[in-house]
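Here our numbering = 1-based position in the sequence shown + 4.
Just so it is clear, CB atoms sit at the ideal spot from N, CA and C, and this is done for glycine as well.
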Amino acid sequence: MSENLSRIEAQFRSSALFINSYQINLDVSEATSDSTTFQTHSRITFSQNKSCAIFVDFIGDSVQSVTLDGTALDFQFDGARIHLGEVDAGEHIVEVTATGIYSTSGEGLHRFKDPLDQQTYLYTQFEPADARRVFPNFEQPDLKATFDISISAPVSWTVLSNGEQISSSEIFTNSDGEECCTRSFATTPRMSTYLTAFIAGPYVAFHDEVTHDSQRTKLGFYCRATLAQYFALEDISTVTKQGLGLFPSAFGVSYPWGKYDSVFVPEYNLGAMENPGCVTFNEAAYIHRGQSTRAQREGRANTILHEMSHMWFGDYTTPRWWDDLWLKESFAEFMGAWGCAQATQYTEAWQSFAGRRLAWALQNDQYPTTHPIVADVPDLEAADQVFDGITYAKGAAVLRQLVAWVGEEAFFAGARAYFAAHPFGNATLDDLLIALEQASGKDVRFWAQQWLQTAGVSTLAVERHEDGVMIRQEGIEPLTGEKIIRPHRIKVSAWKASEEKLHRVAALDIELTTDVVIPWDQLGGAEIDAILPNDASLTYAKIAFDPKSLRAFLTMDVDDDLSRSVISTALWQAVRDAAITPREYLAYVAAMPQLADSALLSQRTQTLLFSIKNFEPATTRNELLEQLFMLAHEQIRSYGDIQNDQSLIWMRTLAAVGGLLPNNSDIVKECLARIRDQDLRWQLLIALAAHSHVTVEELDAELAKSASATDEVAYRQARASMPNTRAHTASLLVNSANELSNTHVQALVDGFSHPLHDDEARAALPHYFDCIEDIWNRYSQEIAERIVYGLYPASDLDSPHAELDLEHADKWLNKEGTPAALRKVILDCRDDHCRKLRAQTAAQTQ
5 MSENLSRIEA QFRSSALFIN SYQINLDVSE ATSDSTTFQT HSRITFSQNK SCAIFVDFIG
65 DSVQSVTLDG TALDFQFDGA RIHLGEVDAG EHIVEVTATG IYSTSGEGLH RFKDPLDQQT
125 YLYTQFEPAD ARRVFPNFEQ PDLKATFDIS ISAPVSWTVL SNGEQISSSE IFTNSDGEEC
185 CTRSFATTPR MSTYLTAFIA GPYVAFHDEV THDSQRTKLG FYCRATLAQY FALEDISTVT
245 KQGLGLFPSA FGVSYPWGKY DSVFVPEYNL GAMENPGCVT FNEAAYIHRG QSTRAQREGR
305 ANTILHEMSH MWFGDYTTPR WWDDLWLKES FAEFMGAWGC AQATQYTEAW QSFAGRRLAW
365 ALQNDQYPTT HPIVADVPDL EAADQVFDGI TYAKGAAVLR QLVAWVGEEA FFAGARAYFA
425 AHPFGNATLD DLLIALEQAS GKDVRFWAQQ WLQTAGVSTL AVERHEDGVM IRQEGIEPLT
485 GEKIIRPHRI KVSAWKASEE KLHRVAALDI ELTTDVVIPW DQLGGAEIDA ILPNDASLTY
545 AKIAFDPKSL RAFLTMDVDD DLSRSVISTA LWQAVRDAAI TPREYLAYVA AMPQLADSAL
605 LSQRTQTLLF SIKNFEPATT RNELLEQLFM LAHEQIRSYG DIQNDQSLIW MRTLAAVGGL
665 LPNNSDIVKE CLARIRDQDL RWQLLIALAA HSHVTVEELD AELAKSASAT DEVAYRQARA
725 SMPNTRAHTA SLLVNSANEL SNTHVQALVD GFSHPLHDDE ARAALPHYFD CIEDIWNRYS
785 QEIAERIVYG LYPASDLDSP HAELDLEHAD KWLNKEGTPA ALRKVILDCR DDHCRKLRAQ
845 TAAQTQ
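And the structure:
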């Protein structure tokens, strides 16, 4: 098969073809039966400017017929492409009737059966190139067309697509005697194939509407029936309406897609997807069965506005190829935070970004596989892997720096010009730079060259000198070996201790490319206790504090929320770089255990646990874990169990740490006896399962209480966390993952890789590097990546396997002919392992 479309092939096809329209007929009327397939039909009207051989993309079970201009073709189907042979220049209509396969991996047309009420739900997820799993098409973002979509499904179901429903056919019955009909939807404006949406199932609907500048937009909100009681309609609808009131004015284009549906779907691989007029969301992430923190609700609001901004950045004007993925994802990440801060109650969005999302960017940008924000994407496998922290969070941080440099007014003026020049079309980096240069009058191309077309992260190093403070940019571009000289417009602040807290006494706006010296008198004098470059988080860089500032920030809180987030991220990076130890980081977190900012508290507790598990030597690890466990227990008791965000975060921490400490199981059981929140109960049960301090019968009884899809996933993880289960789990993952859903695969991976049972895992999977290519070739990329990442062997420094793990990785990497996308996975995993060993070595010597 030839699933992996190359950029060269896509460029040739777009040079030869112009797609006018699609008519898609999808028949899922038998979806509730045992059939694993569905029927699909595409009618594509296109023009061809030269005679050449062309192919239509389709990944499915079989192709029954192909006609070109009404004449049956003797086509060839290789499982991924329908080869039409030589086609003359001119206007053409190709029609394809085919059989597709329902997905359980979250790619293509995903089918899910709710274990509570046995109802079947369908939804699609296509980015970057999985529309071809549902209907035959020309699958690349720059071959846009209009779409007329019809879906045959049971009458009782909710059926949705990008356009509003305009008609319904006469009723017919399926093989089970269930009444069905075919619903047709309004013709869409021109858009890319990956943005089409097909939703069908007994989704519960909530309706609302919003009016902006005399334009009325119908709003629909949908979720599974068994989750309807937990759906936070008021908050979700309010944020949606606030966004639709904000973005049209910011972008200079009215909302262009008619109605606006938000569908919360099961077993979703992503946070959400920006299908025009029919956005899909991850129900597990954004519908909360139990208590949720404000940070979780702010994160949901951010995602709502992120996807909404895509209605312009990405849908209305679309990148030509995946090299320019940042043209939509970096902007959407930026607009999600900007929109929250501008229009919603969640005005803390930028401090959440600085405290949480930047860590993702910095981690990805320090891998050996780092890439520029404007990436080199030679094919679809590579495209799937640039949906990462660089494209999203680094890109957004860089855009925040661009706004600081050109000014917000010029930035949005450039955006409005960009949309005006490319309505319902495709665009490139140059198109955006032209618009921004004209709006700002600045040399945006130099800025773009330094920020968008180079890789890696630089460091803003602080040095105290007799005449003042020097802020110096340090860093080497990893792809060229040249010094990084990015222009930064930042705020540098000075802090003075008073009553065991740091207070800002001065703040200056500074521009630098290499270094700058700030005289002491501008900072309040040489006796200041701490200096913070990049206060307000206006740029993208790591921070290397001078020793005095580092001591101050490690031991005292600051009186500004955004500054606190910047400091917290800088200190976490220092832990990752082995500049401070997990023990020092534990003291830092323990000194401020009741932060009001739940996003930052959650980030600190999670990174602290990660650092102890990975960066602390095994000989002293349990000592620190015990301290963290008791800290969590003290915080829970001080609040009287789960009374607020802070106690909820500490209870989650206690569960996670409890799974690593068998001697604390009595406390975990005491907490379990008091907790009614089902998700929290499963976290505690998973901790107990790792030590065999809960029986299979007790887990069965817990599952029987509600038996929801979420409970089934947690149950699988708990069973896989138990001792003496890894041989069976490894066999399932290596040989039979296609029989499992994506969420069940992840649950097994998480249970298998429990750190307490590393020896058992090695015995169960002794030849990891011998089987990963087979996994990669037999499973979809989504499933394969979950398994290969999750099962990677990475021993501690004092393990006899540590050097062998690296040797085996190097031997595999030195092989010829290995898949490029799989090599990226192994390179990143190996780099994580090396970082772990370096940090443990540094911690041993301190």
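Whole-angstrom distance between residue j and residue i, CA atom to CA atom
| i | j | result |
| --- | --- | --- |
| residue 494 | residue 403 | 13 Å |
| residue 622 | residue 800 | 7 Å |
| residue 460 | residue 613 | 26 Å |
| residue 584 | residue 196 | 48 Å |
| residue 265 | residue 55 | 42 Å |
| residue 409 | residue 346 | 20 Å |
| residue 812 | residue 773 | 7 Å |
| residue 175 | residue 94 | 39 Å |
| residue 783 | residue 731 | 20 Å |
| residue 159 | residue 167 | 19 Å |
| residue 101 | residue 48 | 12 Å |
| residue 226 | residue 162 | 9 Å |
| residue 229 | residue 687 | 25 Å |
| residue 693 | residue 515 | 54 Å |
| residue 308 | residue 329 | 19 Å |
| residue 626 | residue 844 | 14 Å |
| residue 117 | residue 342 | 38 Å |
Nearest candidate by alpha-carbon position, reference residue i, set the options
| i | options | result |
| --- | --- | --- |
| residue 389 | 399, 374 and 400 | 374 |
| residue 735 | 761, 771 and 715 | 771 |
| residue 181 | 482, 54, 733 and 37 | 37 |
| residue 567 | 587, 350 and 601 | 601 |
| residue 545 | 778, 168 and 400 | 400 |
| residue 611 | 359, 810 and 563 | 359 |
| residue 406 | 427, 454 and 424 | 454 |
| residue 468 | 532, 121, 50 and 479 | 532 |
| residue 290 | 268, 309 and 280 | 268 |
| residue 3 | 496, 505, 524 and 504 | An answer regarding residue 3 cannot be provided, because it is not within the stretch 5 to 850 covered by the chain. |
| residue 173 | 552, 478 and 183 | 183 |
| residue 292 | 31, 681 and 661 | 681 |
| residue 699 | 724, 675 and 711 | 724 |
Whole-Å CB distance - residue i paired with residue j, under 8 Å assumed
| i | j | result |
| --- | --- | --- |
| residue 646 | residue 634 | The Cβ separation is near 18 Å, so there is no contact. |
| residue 321 | residue 422 | 7 Å |
| residue 475 | residue 518 | 10 Å between Cβ atoms; not a contact. |
| residue 110 | residue 273 | 4 Å |
| residue 829 | residue 789 | 6 Å |
| residue 67 | residue 86 | 6 Å |
| residue 537 | residue 466 | 6 Å |
| residue 616 | residue 599 | Contact flag wrong, Cβ pair sits at about 19 Å. |
Cβ pair residue i, residue j closer than 8 Å
| i | j | result |
| --- | --- | --- |
| residue 528 | residue 498 | yes |
| residue 757 | residue 727 | no |
| residue 737 | residue 791 | yes |
| residue 760 | residue 722 | no |
| residue 311 | residue 278 | yes |
| residue 151 | residue 23 | no |
| residue 126 | residue 115 | yes |
| residue 3 | residue 430 | In this structure the chain extends from 5 to 850, so residue 3 is not present and cannot be described. |
| residue 653 | residue 297 | yes |
| residue 134 | residue 112 | yes |
| residue 797 | residue 778 | no |
| residue 603 | residue 559 | no |
Residue i in three-state terms, based on DSSP
| i | result |
| --- | --- |
| residue 666 | helix |
| residue 637 | helix |
| residue 507 | strand |
| residue 798 | coil |
| residue 295 | coil |
| residue 474 | strand |
| residue 323 | strand |
| residue 515 | strand |
| residue 15 | helix |
| residue 480 | strand |
| residue 853 | Lying outside 5 to 850, the shown extent of the chain, residue 853 is not represented and no answer is given. |
| residue 375 | coil |
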